[in-house]
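Participant:
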Amino acid sequence: MSQVSIRKIVKEYEGDVQAVKGIDLEIDDHEFVVLVGPSGCGKSTTLRMIAGLEEITSGEIWIDGDVVNDVPPKDRDIAMVFQNYALYPHMSVFENMAFGLKLRKLPKDEIKRRVDDAARMLDIEMLLDRKPKALSGGQRQRVAMGRAIVRNPKVFLFDEPLSNLDAKLRVQMRTEIKKVHQLVPTTTVYVTHDQVEAMTLADRVVVMNHGVIEQVGTPNDLYHSPATKFVAGFIGSPAMNFIPCQLEQAAGALRLRLSDKLSFPVPADRTARYTSHAGKAGLVLGLRPEHIAETRPHTEPNQHDFDMMIDVDEPMGMETLVYFTIAGAGICGRVNPNAGATAGQSMKLRADLSNMHLIDDGTGKVL
Amino acid sequence: MTGVTATANAVPRKAKVGSLERQNRWALRGSFAALSVFVVIFLVPPFYMIMTSLKSSAEISAQKGSPWIAQNPTLDNFVYLVTNEQFQRYFFNSVWVTALVVILSMTIAILAAFSLSRMGFKGSQVISTGVFLTYLVPPSLLFIPLFQVVGSLGLINNTWVLVLLFPTLAVPFCTWIMIGYFSSIPKELDEAALIDGASYPQILLKIFIPVALPGIIAATIFAFTVGWGAFLYPLAYLYSADQAVLTVGIVRELIRGDVFAWGTIMAACVMGAAPPIIIYTFLMDYYVAGLTAGATKG
């Protein structure tokens, strides 16, 4: 049992700068939770407070049923993997992994057994005698993970562990981390600014912005039902389109007006939810690029065709991204590579409004 | 290399005027010429010192022959010094004073630098700057007020006074070097050790000292030089022969009134200069690495 519980924690730096503004978070045993957000959102600070490397201004952190606010890092039974690996340069891989165990005065054969087991799991057995400087970035990252695994801690903490790797290796190591977590299902808190990493690794994702939690949920929750405009825009690549719109009520039906020429009927199942917002200023339609495609036979209601002048087309191979403008807002759509999208030419597109989001730009909330 | 090959192949393409290779060649020649001048200026005195130390008194006072070459080299001067009890005493005093100064200075400097660069307490920035500022005060201004301090401690004409005073010269600079070196060690390294279960003393002993070894060697050499080569303080505070150290002893013992025993003076200088030269020769690489650490992001 190793739950982590964060209760109303605040981190204030000198000069009244609040990096973390009173967040609450419950992390279950064995759970893989990813804190994600832009730089400066307080995610690393939160992680470092869990680790005990950063003092907590107010609030409480519980690990495994105990308040750990004043417990030094070494007594919190946690292990941390750093962005720059932080391997001890003068020690061999074996010594690096064994360091924490030696300090805890474990018997020699037990240390050797644990290091060997971890090395086998991470496929670094043949590197045990090398010094860190003779390792590649990916190997160093494995050693850093090995150093955490051998400790067999209550909680793993990862601070942007893949940011220093090149794109290809990052994908590979991502899978590796997931595999390790399946083999050693330790409670894990993982910090990243990369939403793809967050989506692929997490049981639950915590999206942070400006020191507060915007939303906590499973990757699919966040993708399909974002709570705020920030989450809607942060999760997913290419990002969700935001189009300023008006909600018009005419003869009992609601219509979304995007421009003088372009308007769509609101899906029937949403009418009740949106009616009270009719006529309100500052509404924004959120629609993901995959819900704007080339026209094809409509299989479901709420799919509507419209003509658009394409500004830019970007062939990606499996799809082509098309960019166009509605009422001054730049929009991205994803079309079939054979749909004949050409910059400077008009194209018939299909918007699927069953996955639309209506956002109040004033509060930033999804309605 | 490539330039040589190109000419050797006699390809009818001449190196362009102002080409990079040509410029490099001229820069190289220029620096050799300039450095040769310096080498001559710096090496002539030691050369003369060694030559004179190998001459007998008669040869030194003789007016004929080149003064740059020892005609009948002899080790008499060295034998005289090595067997001279007084000289042995000076040498021994210098050795133990320097050893204690190095140990004391380095212990203080390492502990100070670690706490100043890593423990981040209030005012650590001010203290770091303060440490460096004390190094800027010339020792030659301090020895008169220090005389009163030393006098009130009853340490005048006691070799231990040097063990007390030399660290005040060595510690600021050594601390400064060590702060620079420790600061170049990434913060995550101590955080990783902290999480691994190390205490601050363990972090210092098991992580910082091994990683910062080049810096420590550089600082040690500096402390050694301070302890071994100082002249002013021992001259001011020690006056009896049994308390003196090598630098002052040579002058006291081998210059009697207006009689200069040049051969033995020079031999004593050679023997006095040997330890630092030997140490520098072996540890020069570390010394340079230590002094320049933290200058650039590595």
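Going down the list, the sequences are from chains A and B.
Residue numbers for the first sequence follow this note's numbering, so the first one is 14 and each next one is one higher.
Residue numbers for the second sequence follow this note's numbering, so the first one is 666 and each next one is one higher.
Glycine is no exception: its CB is placed at the ideal position from the N, C-alpha and C atoms.
What are the partner residues of residue 296 of chain A, as DSSP defines its beta bridges?
Facilitator: DSSP lists A/258 and A/373 as partners of residue 296 of chain A.
Participant: If you check the beta carbons only, do residue 751 of chain B and residue 918 of chain B fall under 8 Å apart?
Facilitator: It is a contact, given that the beta carbons lie within the stated cut-off.
Participant: Note down, in chain order, each residue of its chain lying with its Cβ closer than 7 Å to the Cβ of residue 62 of chain A, except the 5 sequence neighbours on either side.
Facilitator: Excluding residues within five positions, the ones whose Cβ falls inside 7 Å are 22, 24, 69 and 74.
Participant: With a threshold of 8 Å between beta carbons, is residue 95 of chain A in contact with chain B?
Facilitator: Interface residue, yes.
Participant: If we call anything under 8 Å between Cβ atoms a contact, is residue 861 of chain B one with residue 112 of chain A?
Facilitator: For residue 861 of chain B and residue 112 of chain A, yes; Cβs fall inside 8 Å.
Participant: Assuming residue 854 of chain B contacts residue 101 of chain A under a Cβ cut-off of 8 Å, what Cβ separation, rounded to an integer in Å, is found between them?
Facilitator: So it is a contact: roughly 7 Å between Cβ atoms.
Participant: Measure the Cβ-Cβ separation of residue 5 of chain A and residue 143 of chain A and say whether it is below 8 Å.
Facilitator: Because chain A spans 14 through 380 in this model, residue 5 of chain A falls outside it and cannot be assessed.
Participant: Is there a Cβ of chain D sitting closer than 8 Å to that of residue 87 of chain A, yes or no?
Facilitator: Absent from the structure is chain D; the protein chains it does hold are A and B.
Participant: Identify each residue in the segment 860 to 888 of chain B for which the Cβ-Cβ distance to at least one residue of chain A is less than 9 Å, and report them in chain order.
Facilitator: The residues in question are 860, 861, 862, 863, 864, 867, 871, 872, 875, 876 and 878.
Participant: So the beta strand (DSSP E) residue 92 of chain A belongs to, where does it begin and stop?
Facilitator: Unbroken beta strand (DSSP E) run through residue 92 of chain A: 91 to 94.
Participant: If you measure between the beta carbons of residue 267 of chain A and residue 260 of chain A, is that distance less than 8 Å?
Facilitator: Cβ atoms of residue 267 of chain A and residue 260 of chain A: closer than 8 Å.
Participant: For chain B, is any of its Cβ atoms less than 8 Å away from the one on residue 305 of chain A?
Facilitator: No, residue 305 of chain A lies away from the interface with chain B (no Cβ there is under 8 Å from its Cβ).
Participant: Checking contacts by CB at 8 Å: is residue 153 of chain A closer than that to chain B?
Facilitator: Answer no: the Cβ-Cβ gap between residue 153 of chain A and chain B never drops below 8 Å.
Participant: From the DSSP secondary-structure annotation, give me the bridge partner or partners of residue 17 of chain A.
Facilitator: DSSP lists A/40 and A/76 as partners of residue 17 of chain A.
Participant: Touch check for the segment 773 to 788 of chain B and the segment 840 to 850 of chain B: three-plus C-beta pairs under 8 Å?
Facilitator: Verdict: yes, contact present.
Participant: CB-CB under 6 Å to residue 937 of chain B, same chain, minus the five flanking residues each way: which ones, in chain order?
Facilitator: Only 911 meet the Cβ criterion.
Participant: Is it buried or exposed, residue 905 of chain B, if we count other Cβ atoms within 10 angstroms and call 16 or more buried?
Facilitator: The residue in question, residue 905 of chain B, is exposed, as its Cβ has fewer than 16 Cβ neighbours within 10 Å.
Participant: Would you report the Cα separation of residue 156 of chain A and residue 90 of chain A, rounded to the nearest angstrom?
Facilitator: Distance between the alpha carbons of residue 156 of chain A and residue 90 of chain A is about 19 Å.
Participant: Is the Cβ-Cβ distance between residue 808 of chain B and residue 895 of chain B less than 8 Å?
Facilitator: No, these two residues do not count as a Cβ contact at 8 Å.
Participant: Helix, strand or coil: which one does DSSP assign to residue 24 of chain A?
Facilitator: It is a strand residue.
Participant: Taking the DSSP output, what are the residues bridged to residue 362 of chain A?
Facilitator: Residue 362 of chain A is bridged to A/307 and A/319.
Participant: If the criterion is Cβ atoms closer than 8 Å, does the pair residue 763 of chain B and residue 914 of chain B meet it?
Facilitator: No, they are not a contact pair.
Participant: Considering only the alpha carbon of each residue, which of A/17, A/310, A/304 and A/291 lies closest to residue 335 of chain A?
Facilitator: Nearest of A/17, A/310, A/304 and A/291 to residue 335 of chain A, Cα basis: A/304.
Participant: Would residue 961 of chain B be called buried (16 or more neighbouring beta carbons within 10 Å of its own) or exposed?
Facilitator: Annotation note: pLDDT 41 at residue 961 of chain B (below 50); position unreliable, coordinate value reported separately. Classification for residue 961 of chain B: exposed.
Participant: Does residue 172 of chain A come out as helix, strand or coil in the three-state DSSP assignment?
Facilitator: Residue state, collapsed to three classes: strand.
Participant: Rounding to the nearest angstrom, what Cα-Cα distance links residue 950 of chain B and residue 771 of chain B in this structure?
Facilitator: Going by the C-alpha atoms only, they are around 19 Å apart.
Participant: If you draw a straight line from the C-alpha of residue 812 of chain B to the C-alpha of residue 941 of chain B, how long is it?
Facilitator: Their Cα atoms are separated by approximately 28 Å.
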